[in-house]
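What follows is a set of notes on a single structure, which appears directly below.
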Amino acid sequence: MMMEPNYNIVVIGMGNIGKFLMPGYRLLLGDKVETNVFGVRNNPDKVSELQKQVPFQVSAGNALELLREKKPDIVIVSTPPKVIPLVAEETLKPYFEEARKENWRLPDIYTFGPTPAPQMYLDLLGGDVLVAKFLPSMVKEKQGVPLQKLGAGFICFGSPFPKDREARAIKFSNVFSQSFVMDQDQSLCGLSSKITTYTISDCVCAIADGLADKGFQVPIQDIASVWRAAFRKHAGLEGQGMYPCREMDAPEYIREFVYRLSVSWYDGILRYIVSVGVDKTLAQGFHGANFEAFSLAVQLSDRNELELDMKHRATKGGVTEKGISTFRSYFTEHLRQATREWMDGTLDESFFDSAEGIAYMINMTVNRHSYRLAKR
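Residue numbers for the sequence shown follow full-length UniProt numbering, so the first one is 1 and each next one is one higher.
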């Protein structure tokens, strides 16, 4: 049973995530988005600019007053992760205390960012609070191909939701991702594996550079097509998915190299996920979803687009930056050299074993970094 769209949503933190979630607001509320969604940010400087970008009211510095006035059914917390505990302490806590005294319905909390865990809200606000943490896939439509329907997104429920509210949360998540419900530790592992998988673009570019060093110009889109076809065959997926991919799309002299590296990269990431205790079937589900999405994203992009996307994602000091910098420090030049050696016929077979190990290592590095960030 779906809930009627006759409630308010307050969005605390109208930055990139707050705007990114617009299709979700639209799905839940339909044409009531303009009247039933209210965004608030701390800094008043960009309010007028933001107001031009979204169809609903945006204000600044009045989060608590807005909650009291609108009594929302959903509060979306999309501030930077390090600010979330402050928002919870200074804004949500007094509101929830007042709501209980006045017998107002407590809103569901939708929180975004790897940390803090939903348990933080329960500890601070009370065990009767309904809180769900979302980690959307963040891949977007390219050339009319809805990549967001492929990439994995993660939902962590702090405590059991009533069925209708759980269904609403999952419906919201499915706008942006293929959703997987998991616990906090699993979600951080899922995030680190997604970031490691995101380095597929760097793998493909390094192969193209190695070929160029030997005088061969092969488009990254063709390399990515072989890479994706190899993954799909290795994972036992039928057909070509949302967009064509074929092993024969790249020249014969490089096909086997790309095929074997794709399999090694997939297996190395999966091996780490399973090593930390994630059920293998669950791991194959979300890891395969991300491997397909990011492989296809490279197929549909040029090099400049890939670099711009990476700059947009890689927040300084964050987990994405850690994954990219680790790859580029330890593997970019080795992969480029291995490509040259493959073309010369001198590549040691053990390279593919080492590549699998590098994928495992990057995943481990990013996952541990996510826990260090959680403690700050």
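Backbone N, C-alpha and C fix where the C-beta goes; we use that ideal spot for every residue, glycine too.
Buried versus exposed call for Gln-299 [16 or more other C-beta atoms within 10 Å across all chains shown]:
By the 10 Å Cβ count, Gln-299 comes out buried.
Spatial neighbours of Asp-267 in its chain, beta-carbon cut-off 7 Å, leaving aside the 5 residues before and after
Cβ contact annotation for Asp-267 (same chain, cutoff 7 Å, sequence separation greater than five): Glu-356, in chain order.
Name the two residues that bound the continuous beta strand (DSSP E) containing Lys-133.
It spans 131-135 - the beta strand (DSSP E) in which Lys-133 sits, taken as one unbroken run.
Do you know offhand how far Thr-281's Cα is from Phe-96's?
The straight-line gap from Cα to Cα measures roughly 39 Å.
Who are the near neighbours of Gly-210 in its chain, counting only those whose CB is closer than 6 Å to its CB and skipping five residues on each side?
The answer, listed in chain order, is Arg-336, Thr-339, Arg-340.
Of the residues Gly-190, Ser-262, Glu-305, Ser-329, the one placed nearest Phe-351, counting alpha carbons only
The option with the nearest alpha carbon to Phe-351 is Ser-262.
Restricting to runs no shorter than 4 residues, where is the alpha helix (DSSP H) found entirely within the segment 18-75?
The alpha helix (DSSP H) runs of length 4 or more contained entirely in the segment 18-75 are, from start to end of the chain, 22-29, 33-36, 47-51, 63-70.
Could you compute how far the alpha carbon of Val-75 sits from the alpha carbon of Ile-9?
Approximately 6 Å between the Cα atoms of the pair.
Cα separation between Leu-270 and Asp-249?
Going from the Cα of Leu-270 to the Cα of Asp-249 covers about 26 Å.
Ala-152, DSSP secondary structure in three states
Ala-152: strand per DSSP, three-state reduction.
Looking at Pro-81: is its Cβ nearer than 8 Å to the Cβ of Pro-114?
A contact, by the Cβ cut-off of 8 Å.
Can you give me the Cβ contacts of Tyr-7 inside the same chain, cut-off strictly under 6 Å, excluding the 5 residues immediately before and after it?
Here the set comprises Asp-73.
Taking buried to mean at least 16 other C-beta atoms within 10 Å of its own C-beta, is Thr-326 buried or exposed?
The residue is buried, with at least 16 neighbouring Cβ atoms inside 10 Å.
So Phe-286 and Ala-152 are in contact, right, with Cβ under 8 Å, and what is the actual spacing, rounded?
Rounded to whole angstroms, the Cβ separation of Phe-286 and Ala-152 is 4 Å, and the two are in contact under 8 Å.
May I have the straight-line CA-CA distance separating Asp-45 from Gln-217, to the nearest angstrom?
Between Asp-45 and Gln-217, the C-alpha separation is close to 48 Å.
Arg-303 and Cys-205: beta carbons closer than 8 Å?
The answer is yes: Cβ separation under 8 Å.
Contact check, Val-83 vs Ala-63, beta carbons under 8 Å
With contacts defined by Cβ atoms closer than 8 Å, Val-83 and Ala-63 do not form a contacting pair.
Residues in the same chain with beta-carbon distance under 6 Å from Ile-207, minus the five sequence neighbours each way, listed in chain order, please.
Only Ile-223, Thr-339 meet the Cβ criterion.
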